[in-house]
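Take a look at the structure below.
Number of protein chains: 2
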Amino acid sequence: MTAYTATVTVRLKHGVLDPEAETTQRALERLGFELEDLRSADRFEIDLEAESAESARERASEMAERLLANPTIHDFDVEVVDR
Amino acid sequence: MTAYTATVTVRLKHGVLDPEAETTQRALERLGFELEDLRSADRFEIDLEAESAESARERASEMAERLLANPTIHDFDVEVVDR
Numbered sequence: 064m065t066a067y068t069a070t071v072t073v074r075l076k077h078g079v080l081d082p083e084a085e086t087t088q089r090a091l092e093r094l095g096f097e098l099e100d101l102r103s104a105d106r107f108e109i110d111l112e113a114e115s116a117e118s119a120r121e122r123a124s125e126m127a128e129r130l131l132a133n134p135t136i137h138d139f140d141v142e143v144v145d146r
Numbered sequence: 064m065t066a067y068t069a070t071v072t073v074r075l076k077h078g079v080l081d082p083e084a085e086t087t088q089r090a091l092e093r094l095g096f097e098l099e100d101l102r103s104a105d106r107f108e109i110d111l112e113a114e115s116a117e118s119a120r121e122r123a124s125e126m127a128e129r130l131l132a133n134p135t136i137h138d139f140d141v142e143v144v145d146r
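Protein chains in written order, with the working numbering: chain A, 64 to 146; chain B, 64 to 146.
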């Protein structure tokens, strides 16, 4: 078994409204920053042990499908690194 | 001017309690997943135009310092890519 860290990034699907991101963008603009767009996402860093990086990735994807992401409104991606 | 996307990742500092992450970890364990630790973070993807990647990075760092992160409890890092 090897120790891995899987990073799951959960984003709203294209077209889903994100009022929090809009508010944040407007607050930055009010502070004088120039930006074209701002998107927010949740990131989960999961330490786990697995036989291989591939198996760690599969396990983290299953966690995203079952709990971390809502498939109706979210997309997610998984990155795995040795720890 | 070049179009960049700056990704700001905002994490709780080591030692700051994260009840949301603990709850998520326990929920995953209750579903039968084995994991050693789970940390959550906020991720902001900011589209902006700048003279150089260095200048885009500085601007995104200033956004984090002034609004996106709370220096008392958060650390942040910034990654910049061409868009």
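We put the CB at the ideal spot given by N, CA and C, even for glycine.
Residues near residue i in its chain [Cβ-Cβ closer than 6 Å; skip 5 each side]
{"i": "M64 (chain A)", "result": "E112"}
{"i": "A66 (chain A)", "result": "E112, R146"}
According to DSSP, residues forming a beta bridge with residue i
{"i": "A113 (chain B)", "result": "B:T65"}
{"i": "A132 (chain A)", "result": "Answer by DSSP bridge pairing: none, since A132 (chain A) is not bridged."}
{"i": "H137 (chain A)", "result": "A:L75"}
{"i": "A104 (chain A)", "result": "A:R74, B:R106"}
{"i": "D145 (chain B)", "result": "B:Y67"}
Cβ-Cβ separation, residue j to residue i (assumed contact under 8 Å), whole Å
{"i": "S103 (chain A)", "j": "A84 (chain A)", "result": "4 Å"}
{"i": "E114 (chain B)", "j": "T70 (chain B)", "result": "Between T70 (chain B) and E114 (chain B) the Cβ distance is about 19 Å, and since that is not below 8 Å, they are no contact."}
{"i": "L94 (chain A)", "j": "R129 (chain B)", "result": "6 Å"}
Residues near residue i in its chain [Cβ-Cβ closer than 8 Å; skip 5 each side]
{"i": "V73 (chain A)", "result": "A104, D105, R106, F107, A127, L131, A132, H137, D138, F139"}
{"i": "R120 (chain A)", "result": "A69, V141, V143"}
Backbone CA spacing between residue i and residue j [nearest angstrom]
{"i": "T68 (chain A)", "j": "S118 (chain A)", "result": "12 Å"}
{"i": "G78 (chain B)", "j": "L91 (chain B)", "result": "22 Å"}
{"i": "R89 (chain B)", "j": "F96 (chain B)", "result": "9 Å"}
{"i": "T135 (chain A)", "j": "A116 (chain B)", "result": "35 Å"}
{"i": "P82 (chain A)", "j": "P82 (chain B)", "result": "24 Å"}
{"i": "E125 (chain A)", "j": "E125 (chain B)", "result": "36 Å"}
Contact check, residue i vs residue j, beta carbons under 7 Å
{"i": "I109 (chain B)", "j": "L80 (chain A)", "result": "no"}
{"i": "T86 (chain A)", "j": "L101 (chain A)", "result": "no"}
Proximity test, residue i beta-carbon vs the ligand NAP heavy atom, cut-off 6 Å
{"i": "N133 (chain A)", "result": "The model depicted lacks the ligand NAP and carries no ligand whatsoever."}
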